[in-house]
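Peer 1: For the sequence shown, the positions run 5 to 229 when the numbering used here is used.
Note that CB positions come from ideal geometry on N, CA and C, so glycine has one too.
Predicted model, so just to flag it, every value in this text is computed and none were measured.
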Amino acid sequence: MLVFYDDIIREALNDRIPWKFAENGLKRLKILKSSVKMLERDTNIPYPAIVITPVLKILVHEAGVEAIIHGHIDFREDVRGNVVPVVNLSLPFLLNAKKHLYNYILAHEFLHYMFLAKKVVKADYFSLAQDLGETIISHMLFDESVKLDPKKVFKSRYILGLINKRYEKLINDEKFLKSIEENWVKRNLPTIFIPESQFLRRFTPSEFLKMKFPEEVVKAISKIA
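#1: Could you check the C-alpha separation between LYS4 and ALA53 for me, to the nearest Å?
#2: On the premise that LYS214 lies in contact with VAL7, defined as a C-beta separation below 8 Å, what is that separation, rounded to the nearest angstrom?
#3: Does the contact criterion of 3 or more C-beta pairs under 8 Å hold for the segment 76-90 versus the segment 184-202?
#4: Starting from LEU98 and walking both ways along the alpha helix (DSSP H), at which residues does that stretch end?
#5: Please identify the residue among HIS104, ILE56 and ARG84 whose C-alpha is closest to the C-alpha of PHE180.
#6: Under the three-state reduction of DSSP, which class applies to LYS223: helix, strand or coil?
#7: In terms of residue numbering, what span does the beta strand (DSSP E) encompassing PHE197 cover?
#8: Give the DSSP-derived three-state secondary structure of ASN53 in the structure shown.
#9: Taking only three categories from DSSP, how would you classify HIS112?
#10: Would you call LEU166 buried or exposed, if buried means 16 or more other Cβ atoms sit within 10 Å of its Cβ?
#11: If you compare alpha carbons, which of ASN48, VAL69 and LYS37 is closest to ILE109?
#12: Quick one: grab the DSSP three-state call for SER183.
#13: On a CA-only basis, which of LEU33, GLY85, TYR162 and ASP153 is nearest LYS216? Give me that one, please.
#14: Going by C-alpha distance, which of SER210, TYR51, LEU93 and HIS74 is nearest ALA129?
#15: Kindly indicate the opening and closing residues of the beta strand (DSSP E) around GLY75.
#16: Where TYR117 and ILE175 are concerned, what is the direct C-alpha to C-alpha distance, given to the nearest angstrom?
#17: By Cβ distance below 7 Å, which residues in the same chain neighbour LEU98 in space, the five residues on each side in sequence not counted?
#18: Alpha carbon to alpha carbon, what distance is there between GLU220 and ILE49?
#19: Taking 8 Å as the limit between beta carbons, can you name the residues of its chain near ILE198, skipping five residues before and five after?
#20: Below 8 Å on the Cβ atoms is my guess for LEU95 versus PHE158; work out the distance and round it to an integer in Å.
#21: Could you work out which residue in ALA121, PHE114 and ASN92 is closest to VAL222 when comparing CA atoms only?
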């Protein structure tokens with residue numbers, strides 16, 4: 005499992021974020037990786053690469069309601085021109101979340117990842133487009149816990165409980181949210197507000213078909229889809 009931390013180091017060297025935050029984030033990666041290993045043991049499927057970004061992203065819904073984006077599926081292009089899905093996590097999340105919340109966000113994003121893999125393996129691009137809007141793949145605005153049964157992916161009752169029952173309590177924990185507000189927002193550290201209409205990734209059919217997943221993921225999808 006790869007974790008890309010380059011953006012954090014660069015921003016710290018450029019004095020855009022405190023160097024102490026970069027150091028503390030490196031220490032927290034050990035806990036994050038233990039959560040990933042737990043998911044990999046439970047599913048026997050390799051977790052996608054994780055990219056840590058030095059920005060707090062806040063999604064602004066049409067009604068004006070704001071929501072912090074702790075994690076989402078993003079995409080990178082490899083040296084062969086393939087589109088590779090990755091999990092994007094914010095540094096404020098890494099620094100302030102507890103292990104239970106790590107576990108939940110990582111598990112939830114893994115469902116996003118597996119749902120996307122299912123569509124790619126089955127070459128079901130047009131079905132996906134119909135679900136999400138014409139030729140649009142959303143970063144996280146669709147809920148794969150409904151579209152892909154978590155019980156087909158996870159065996160652990162603990163993980164299933166996080167996804168089905170405890171997520172609202174974890175996400176809305178006042179101490180966690182206040183910590184982000186005090187340690188990041190009020191210090192005027194990098195924050196962007198993203199209108200819901202812009203939180204999208206557009207693919208052509210040919211780009212969709214260039215999306216690649218590890219062989220273990222392809223085999224798993226053929227069994228659970």
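Peer 2: Walking through what the data contain:
#1: Nothing in the structure corresponds to residue 4, since the chain is present only between 5 and 229.
#2: On the sequence shown, position 3 is the one that residue 7 refers to. On the sequence shown, position 210 is the one that residue 214 refers to. About 24 Å separates the two Cβ atoms, so there is no contact after all.
#3: no
#4: Counted from its first residue, the sequence shown places residue 98 at position 94. Element bounds for LEU98: 95-100.
#5: Mapped onto the sequence shown, residue 180 falls at position 176. Measuring from the Cα of PHE180, the nearest candidate turns out to be HIS104.
#6: Locating residue 223 in the sequence shown gives position 219, counting from the first residue. Helix.
#7: Along the sequence shown, one-based indexing puts residue 197 at 193. Residues 195-199.
#8: As a working note, residue 53 is residue 49 in the sequence shown. Residue identity check: residue 53 is Ala in the sequence provided, not Asn. ALA53 falls in the coil class under three-state DSSP.
#9: Numbered from its first residue, the sequence shown carries residue 112 at position 108. Reduced to three states, the DSSP call for HIS112 is helix.
#10: Your numbering for residue 166 matches position 162 in the sequence shown. Buried.
#11: Translated into the one-based positions of the sequence shown, residue 109 becomes position 105. Comparing Cα-Cα distances from ILE109 to each of ASN48, VAL69 and LYS37, the minimum goes to LYS37.
#12: The residue given as residue 183 occupies position 179 in the sequence shown. Looking at SER183 - three-state DSSP - the assignment turns out to be helix.
#13: Indexing the sequence shown from 1 puts residue 216 at position 212. Comparing Cα positions, the closest option is GLY85.
#14: As a first step, residue 129 is located in the sequence shown; it is residue number 125 there, counting from the start. Checking the sequence shown, residue 129 turns out to be Tyr, not Ala. Comparing Cα-Cα distances from TYR129 to each of SER210, TYR51, LEU93 and HIS74, the minimum goes to SER210.
#15: The residue you call residue 75 lines up with position 71 of the sequence shown. Taken as a continuous stretch (DSSP letters only), the beta strand (DSSP E) holding GLY75 covers 75-81.
#16: In the sequence shown, the residue the question calls residue 117 occupies position 113. In the sequence shown, the residue the question calls residue 175 occupies position 171. Cα-Cα distance, rounded: 20 Å.
#17: Against the sequence shown, residue 98 aligns to sequence position 94. Only GLY29, ARG32, LEU36 and ILE56 meet the Cβ criterion.
#18: On the sequence shown, residue 49 is found 45 positions in, with the first residue counted as 1. On the sequence shown, residue 220 is found 216 positions in, with the first residue counted as 1. Going from the Cα of ILE49 to the Cα of GLU220 covers about 6 Å.
#19: As a first step, residue 198 must be located in the sequence shown, where it is residue number 194. Closer than 8 Å at Cβ, skipping near neighbours: LYS61, ILE62, LEU63, VAL64 and ILE73.
#20: Taking the first residue of the sequence shown as 1, we reach residue 95 at position 91. Taking the first residue of the sequence shown as 1, we reach residue 158 at position 154. That pair is no contact at about 27 Å.
#21: For the purposes of this step, residue 222 is taken as residue 218 along the sequence shown, with counting starting at 1. Per the Cα distances, ALA121.
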